[in-house]
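Numbering (the working numbering), first residue to last: -2 to 157.
First the structure, in the form of structure tokens, and then the observations on it.
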Amino acid sequence: MNEKLNDIKMIVMDVDGTLTDGKIYLGNNGEEFKAFDVHDGYILAKCQEYGYITAIITGKNSKIVEKRASDLRINEVYQGVTDKISVLKSLADKYNLSNSNIAYIGDDLNDMDCINYVAFSGCPADSIDEVKKSVNYVCKHNGGKGAVREFVDYLIFYLI
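Next up, the structure:
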């Protein structure tokens, strides 16, 4: 496993159910709200210092995600994606990476192609069972409650 983790150059993640708890809060005027965990945010902002490329691939479009990604200096953000694996492969090509250089964390069926493609995959504790059975690492934390922090910490500190 150590050799596999040494090759990781890019960390890719889903949003709803992974960076958030999967809940969508709606205001009286139809505005949408999402909650993000500060621990997830801290480690993602540090990823560039550790030499990782970071990317978000999500099925929904949201200005909130755009803002959060900008605040955290996420390198690549793709929203409204129905075919996540095509975007992931395009990202690999853009950065001249192979699947052995990519880690992915997601929580649901629309993440399965990416989970099965990458060298190292993870999911939040509250992911669906099919995802849990397919990943290399099941986090102890739920989506939106520190799962991304735990996943990235594992990638970084497993190597020390």
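For every residue, glycine included, the Cβ atom is placed at its ideal position computed from N, Cα and C.
Values in this document were obtained by computation on a predicted structure and should not be read as measured data.
- Query: Are residue 58 and residue 76 touching if we call contact CB-CB under 8 Å?
  - Reply: As a working note, residue 58 is residue 61 in the sequence shown. As a working note, residue 76 is residue 79 in the sequence shown. For residue 58 and residue 76, yes; Cβs fall inside 8 Å.
- Nonlocal neighbours in the same chain, by C-beta distance under 6 Å from residue 65, ignoring five residues either side: Position 68 of the sequence shown, counted from the start, is the residue given in the question as residue 65. Close CB contacts of residue 65 within its chain, under the 6 Å cut and outside five residues either way in sequence, are with 33 (chain order).
- Segment contact flag, the segment 7 to 15 with the segment 47 to 58, C-beta cutoff 8 Å, min 3 pairs: Yes, the segment 7 to 15 is in contact with the segment 47 to 58.
- Message: Within a Cβ cutoff of 8 Å, which residues of the same chain sit near residue 36, ignoring the five residues on either side of it in sequence?
- Response: Your numbering for residue 36 matches position 39 in the sequence shown. So the qualifying residues of the chain are 143 and 146.
- How would you label residue 91, buried or exposed, when you count the other beta carbons within 10 angstroms and need 16 or more for buried? Walking along the sequence shown from the start, residue 91 turns up at place 94. Counting Cβ neighbours within 10 Å, residue 91 comes out exposed, since fewer than 16 surround it.
- Item | Through-space distance from residue 70 to residue 27, alpha-carbon basis | Numbered from 1 along the sequence shown, position 30 holds the residue referred to as residue 27. Numbered from 1 along the sequence shown, position 73 holds the residue referred to as residue 70. When rounded, the distance between both Cα atoms is 28 Å.
- Message: Let me confirm a value: residue 85 is counted as buried when at least 16 other C-beta atoms fall within 10 Å, else exposed. Which label applies?
- Response: Translated into positions along the sequence shown, residue 85 becomes position 88. Burial call: buried.
- Message: I'd like the list of long-range same chain contacts for residue 125, defined as Cβ closer than 8 Å, with 5 residues on each side in sequence excluded.
- Response: Locating residue 125 in the sequence shown gives position 128, where the first residue counts as 1. If we look at residue 125 and ignore the five residues flanking it on each side, its Cβ neighbours are 104, 105 and 106.
- Task: Tell me whether residue 23 sits in a helix, a strand or coil according to DSSP, three-state version.
- Result: For the purposes of this step, residue 23 is taken as the residue at position 26 of the sequence shown. Strand.
- Item | Cβ pair residue 88, residue 6 closer than 8 Å | Within the sequence shown, the letter at position 91 stands for residue 88. Within the sequence shown, the letter at position 9 stands for residue 6. No, the pair does not count as a contact, with Cβ atoms beyond the cut-off.
- Task: Return the CA-CA distance between residue 128 and residue 136, expressed in angstroms with no decimal places.
- Result: As a first step, residue 128 is located in the sequence shown; it is residue number 131 there, counting from the start. As a first step, residue 136 is located in the sequence shown; it is residue number 139 there, counting from the start. Cα-Cα distance, rounded: 12 Å.
- Message: Using a Cβ-Cβ cutoff of less than 7 Å, which residues in the same chain neighbour residue 150 once the five nearest sequence positions on both sides are dropped?
- Response: Locating residue 150 in the sequence shown gives position 153, counting from the first residue. If the five residues before and after residue 150 are omitted, its C-beta is found closer than 7 Å to the C-beta atoms of 40, all from its own chain and listed in chain order.
- Task: Please state whether DSSP places residue 12 in a helix, a strand or coil.
- Result: Your numbering for residue 12 matches position 15 in the sequence shown. In the structure shown, residue 12 sits in coil (DSSP, three-state: anything other than H, G, I, E or B).
- Among 139, 130, 117 and 141, nearest to residue 153 - alpha-carbon criterion: On the sequence shown, position 156 is the one that residue 153 refers to. It is 117.
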